[in-house]
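Student: Have a look at this one before I ask anything.
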Amino acid sequence: MTYILGISAFYHDSAAALIKNGKIISAAQEERFTRKKHDSGFPSNAINFVLDFSKIKLHEVDHIVFYEKPFLKFERLLETYVAFAPKGFQSFSRAMPIWLKEKLFQKKFIFDHLKNIDISFEDDTKLLFSEHHLSHAASAFYPSPFEEAVILTADGVGEWATTTVAIGKKNNLEIKKELHFPHSLGLLYSAFTYYSGFKVNSGEYKLMGLAPYGNPIYVDKILNNLIDLKEDGTFMLDQNYFNYSTGLTMTNKNFDDLFGEKPRKPEKEKITQFHMDIAASIQDVTEKIMLSIAKSLKKDYGIPNLCLAGGVALNCVANGKIIKEKIFENIWVQPAAGDAGGSLGAALAYWHLDLNNERKEIDKDNMCGSFLGNEFQENVIVEKLDEIGAKYEKLDQDEIIKKTVEDLANGKAVGWFQGRMEFGPRALGNRSILGDPRSDTMQKNLNLKVKYRESFRPFAPSVLREDLNNWFEMNTDSPYMLFVSDVKKDKILELTSDQKKLFGIDLLNIKKSEIPAVTHVDYSARIQTVSKEINPLYYKLIKKFKEKTNCPVLVNTSFNIRGEPIVHTPEDAFKCFMGTELDVLVIGNCYLNKNNQDLNLKYNYKNKFELD
Amino acid sequence: MSFLKEFVKFLMERKKYWLLPILLFLLIFGALFVVTQGTAVAPFIYTIF
Numbered sequence: 001m002t003y004i005l006g007i008s009a010f011y012h013d014s015a016a017a018l019i020k021n022g023k024i025i026s027a028a029q030e031e032r033f034t035r036k037k038h039d040s041g042f043p044s045n046a047i048n049f050v051l052d053f054s055k056i057k058l059h060e061v062d063h064i065v066f067y068e069k070p071f072l073k074f075e076r077l078l079e080t081y082v083a084f085a086p087k088g089f090q091s092f093s094r095a096m097p098i099w100l101k102e103k104l105f106q107k108k109f110i111f112d113h114l115k116n117i118d119i120s121f122e123d124d125t126k127l128l129f130s131e132h133h134l135s136h137a138a139s140a141f142y143p144s145p146f147e148e149a150v151i152l153t154a155d156g157v158g159e160w161a162t163t164t165v166a167i168g169k170k171n172n173l174e175i176k177k178e179l180h181f182p183h184s185l186g187l188l189y190s191a192f193t194y195y196s197g198f199k200v201n202s203g204e205y206k207l208m209g210l211a212p213y214g215n216p217i218y219v220d221k222i223l224n225n226l227i228d229l230k231e232d233g234t235f236m237l238d239q240n241y242f243n244y245s246t247g248l249t250m251t252n253k254n255f256d257d258l259f260g261e262k263p264r265k266p267e268k269e270k271i272t273q274f275h276m277d278i279a280a281s282i283q284d285v286t287e288k289i290m291l292s293i294a295k296s297l298k299k300d301y302g303i304p305n306l307c308l309a310g311g312v313a314l315n316c317v318a319n320g321k322i323i324k325e326k327i328f329e330n331i332w333v334q335p336a337a338g339d340a341g342g343s344l345g346a347a348l349a350y351w352h353l354d355l356n357n358e359r360k361e362i363d364k365d366n367m368c369g370s371f372l373g374n375e376f377q378e379n380v381i382v383e384k385l386d387e388i389g390a391k392y393e394k395l396d397q398d399e400i401i402k403k404t405v406e407d408l409a410n411g412k413a414v415g416w417f418q419g420r421m422e423f424g425p426r427a428l429g430n431r432s433i434l435g436d437p438r439s440d441t442m443q444k445n446l447n448l449k450v451k452y453r454e455s456f457r458p459f460a461p462s463v464l465r466e467d468l469n470n471w472f473e474m475n476t477d478s479p480y481m482l483f484v485s486d487v488k489k490d491k492i493l494e495l496t497s498d499q500k501k502l503f504g505i506d507l508l509n510i511k512k513s514e515i516p517a518v519t520h521v522d523y524s525a526r527i528q529t530v531s532k533e534i535n536p537l538y539y540k541l542i543k544k545f546k547e548k549t550n551c552p553v554l555v556n557t558s559f560n561i562r563g564e565p566i567v568h569t570p571e572d573a574f575k576c577f578m579g580t581e582l583d584v585l586v587i588g589n590c591y592l593n594k595n596n597q598d599l600n601l602k603y604n605y606k607n608k609f610e611l612d
Numbered sequence: 001m002s003f004l005k006e007f008v009k010f011l012m013e014r015k016k017y018w019l020l021p022i023l024l025f026l027l028i029f030g031a032l033f034v035v036t037q038g039t040a041v042a043p044f045i046y047t048i049f
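Line order of the protein sequences matches chains A and B.
In terms of the numbering used here, the first sequence has 207 at position 207, counting the first letter as 1, and numbering is strictly consecutive.
In terms of the numbering used here, the second sequence has 28 at position 28, counting the first letter as 1, and numbering is strictly consecutive.
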């Protein structure tokens, strides 16, 4: 029996994952425990969870693999500072003390933390280091249902690599080509995220959601000035416009002059049509790059399967375009595509590459629906709810489903807390807020009264796998909500002549389809397909909703508010329920109606979390 | 000590020996700043820079 613990930490989205003889057992992000979004601290809580889940102690783990190599990262930092010197002294003087004090001695730092978890852990030779993009590539290939695949990873930056291409065959994985810092698709997208007034490393989603409101009028400007894009999708970024290599901002004055405005200050300035056009333009460029790379990979290697990971792989609009173009026969994206998933990849890479172990059940998706986190037994849920003073009804599963379906059909917003927590940024039906997609007001209400976030942001649909093709222009499994496709033409409603004249944010309140709450302004939707095999309870709920309403689709958004990590425990769920205008909360078989709760338990939740 | 061994191994593998003097400079003077902070030696250290 060989246990391998994977760890990612110290940049953003710290996480831990445990595999046993190559099988993925558990994984979780530290933010869920500490309630600090994108927590980058050492993931002690996540490690304790994965160990407790398997009922083992740390010293019983055979190998511990950190997801990147700190020395290589330090090399990149020093070389970059030397290359740009004397420019960048301010950034250098800020970065060096942290590196010289802590980061350079990461092995000891990690070992000390591990020792705090288990005093009996003494063997530091168990502690190993993978490479950032190898970890990403392994997280995308080994759990995928492909014996052979091309693996594309793209993110901000790891050690040196920002984009890599690897070939995976059986248990082997070999990196074939790399693009190096500072030429990075992730950093290019983040630069525009910063320029549009959103937070880097978390606001990229908002930029993607904003893009359909704009016109991509700056595409040529970007391609002619910022980026030298080759036919095969490789590129170089003109560093005269960026400041991230040595400065404390992403872009510089040349960038502002090129587009004619300074970066938006979110606390003072509203989002305008300019920002929407900027968003549309960089989204278009990102798609062009991803499509060019995908086409050249297919041409070079002729392999029909593609795996994706790295932060850029969370750009589900670009992923959807790769599917639509039918470049590859099959695509699989790691659901925890960001750095959190690196923990899992690091462990898998060690098992298959260093220990040379074969893959088992090669033809099936081995991510277990990404339900790899904590779960709470019924007695624990009841105990916690009693402790808090919650008023609830305990029902059997059929009754819970019946009541929830009725509430959903009556337009209520439902907090749905079931089974094991998801690993990765998306809620997939176990820590979700659900609603009726047919409602005209659901998107606005959920955004403003429940999630407390910008009204332009779209919601995603969960759809029964067998009904996918009847409602959306796609027929590919999308269990992790990582592909965007259009709503089926016969479900779209014709706009009136007055409505056709509207543009940008004015399109928001128009009923665009039979499922307006999940139809974005460009008629697209970020789809999650739900199958009986992966999540039987959630499948049953949607199936019953379909029986009642003839609609096999639900609104599914993560169970949290703006700036909050997705709820982890029943207490977190209850606090979110009482602090927002959620109408109903279902935790396991416990049903809670807002009207029955003690109003003294209500508190100001909206300002509890820092805005992202 | 194990850190230095590992770092030298890393430099040999990467063949980037020019990083070593930079790192040593940073480590020695970094340590000097920390150690001499608030002592009588501090003004002499500051004059060097």
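We put the CB at the ideal spot given by N, CA and C, even for glycine.
Remember, predicted model here, so these are calculated numbers, not experimental data.
#1: Is Glu399/A helix, strand or coil when you go by DSSP?
#2: Taking the alpha-carbon positions, what's the Pro461/A to Pro479/A distance?
#3: Suppose the cutoff is 7 Å on Cβ atoms and the five residues either side in sequence are ignored; what does the same chain contact list for Ile492/A look like?
#4: Per the contact definition of three or more C-beta pairs closer than 8 Å, is the segment 5 to 17 of chain A in contact with the segment 334 to 343 of chain A?
#5: Around the Cβ of Ala31/B, are there at least 16 other Cβ atoms within 10 angstroms (buried) or fewer (exposed)?
#6: Under 7 Å between C-beta atoms, does Leu26/B make it to chain A?
#7: Tell me the rounded alpha-carbon separation between Lys500/A and Lys403/A.
#8: In terms of residue numbering, what span does the alpha helix (DSSP H) encompassing Ser497/A cover?
#9: Going along chain A, which residues have a C-beta under 7 Å from Leu19/B?
#10: Short of 8 Å in beta carbon distance, which residues of its chain neighbour Leu502/A, apart from the five on each side in sequence? Order them along the chain.
#11: Can you tell me which of the three DSSP states Ala337/A falls into?
#12: Is the beta carbon of Phe121/A closer than 7 Å to that of Leu114/A?
#13: Is Glu383/A helix, strand or coil by DSSP?
#14: Under 8 Å: do the segment 576 to 596 of chain A and the segment 453 to 468 of chain A share three or more Cβ pairs, one atom per stretch?
#15: Unbroken alpha helix (DSSP H) runs of length 4 or more, entirely within the segment 36 to 111 of chain A: which are they?
#16: Counting Cβ pairs, one atom from each stretch, are 3 or more of them under 8 Å apart for the segment 141 to 148 of chain A and the segment 159 to 178 of chain A?
#17: Quick one, which residues of the segment 95 to 122 of chain A are near chain B if we go by CB-CB under 9 Å, in chain order?
#18: Strictly below 7 Å CB to CB, what residues from chain A border Ala16/B?
#19: May I have a chain-ordered list of the alpha helix (DSSP H) segments no shorter than 4 residues that lie completely inside the segment 497 to 558 of chain A?
#20: With contact counted as at least three CB pairs below 8 Å, one residue from each stretch, are the segment 245 to 265 of chain A and the segment 188 to 197 of chain A in contact?
#21: Checking contacts by CB at 7 Å: is Phe71/A closer than that to chain B?
#22: With burial defined as no fewer than 16 other Cβ atoms inside 10 Å of the residue's Cβ, what is the status of Phe3/B: buried or exposed?
#23: Could you check whether the Cβ of Phe29/B sits closer than 7 Å to any Cβ belonging to chain A?
#24: Applying the 10 Å Cβ sphere with the 16-neighbour rule, what's the burial state of Ser497/A?
#25: Can you tell me whether Phe459/A is helix, strand or coil according to DSSP?
#26: In this structure, does DSSP put Ala15/A in helix, strand or coil?
#27: What three-state label does DSSP hand Asp630/A in the structure shown?
#28: Quick one: grab the DSSP three-state call for His132/A.
#29: Run through DSSP, which three-state label would Glu630/A get?
#30: From what residue to what residue does the alpha helix (DSSP H) around Asn445/A run?
#31: Does the Cβ-Cβ distance between Val584/A and Val405/A come in under 7 Å?
#32: Which word fits Asn410/A, buried or exposed, when buried means at least 16 other C-beta atoms lie within 10 angstroms of its C-beta?
#33: Quick test of your reading: Val312/A and Leu446/A, contact by CB under 8 Å. State the CB separation rounded to the nearest angstrom.
#34: Contact between the segment 169 to 186 of chain A and the segment 130 to 138 of chain A is defined here as three or more beta-carbon pairs at a separation below 8 Å; is this criterion met?
Tutor: Working from what's here:
#1: helix
#2: Their backbone Cα atoms lie some 11 Å apart in a straight line.
#3: Lys512, Ser513, Tyr523
#4: The segment 334 to 343 of chain A is in contact with the segment 5 to 17 of chain A.
#5: exposed
#6: yes
#7: 40 Å
#8: 497 to 500
#9: Glu75, Leu78
#10: Ile510
#11: coil
#12: By the CB criterion at 7 Å, Leu114/A and Phe121/A fall inside the cutoff.
#13: helix
#14: Fewer than three pairs of CB atoms, one per stretch, sit closer than 8 Å, so the segment 576 to 596 of chain A makes no contact with the segment 453 to 468 of chain A.
#15: Listed in chain order, they are 44 to 53, 70 to 84, 89 to 101.
#16: Segments in contact, yes.
#17: Met96, Pro97, Trp99, Leu100, Lys101, Leu104, Phe105, Lys107, Lys108
#18: Per the sequence shown, residue 16/B should be read as Lys rather than Ala. In chain order: Glu75.
#19: 497 to 500, 536 to 549
#20: Below 8 Å, enough C-beta pairs join the segment 245 to 265 of chain A and the segment 188 to 197 of chain A to call them touching: three or more.
#21: yes
#22: With fewer than 16 neighbouring CB atoms inside 10 Å of its own CB, Phe3/B falls in the exposed class.
#23: Any Cβ of chain A closer than 7 Å to the Cβ of Phe29/B would place that residue at the interface, and such an atom is absent.
#24: Its Cβ having fewer than 16 others within 10 Å, Ser497/A is exposed.
#25: Coil.
#26: strand
#27: With chain A represented from 1 up to 612, any question about residue 630/A goes unanswered, as that position is not in the structure.
#28: helix
#29: Absent from the model: residue 630/A. The displayed extent of chain A is 1 to 612, so no value can be given.
#30: 442 to 445
#31: no
#32: exposed
#33: Rounded, the Cβ-Cβ distance is 27 Å, inconsistent with contact.
#34: yes
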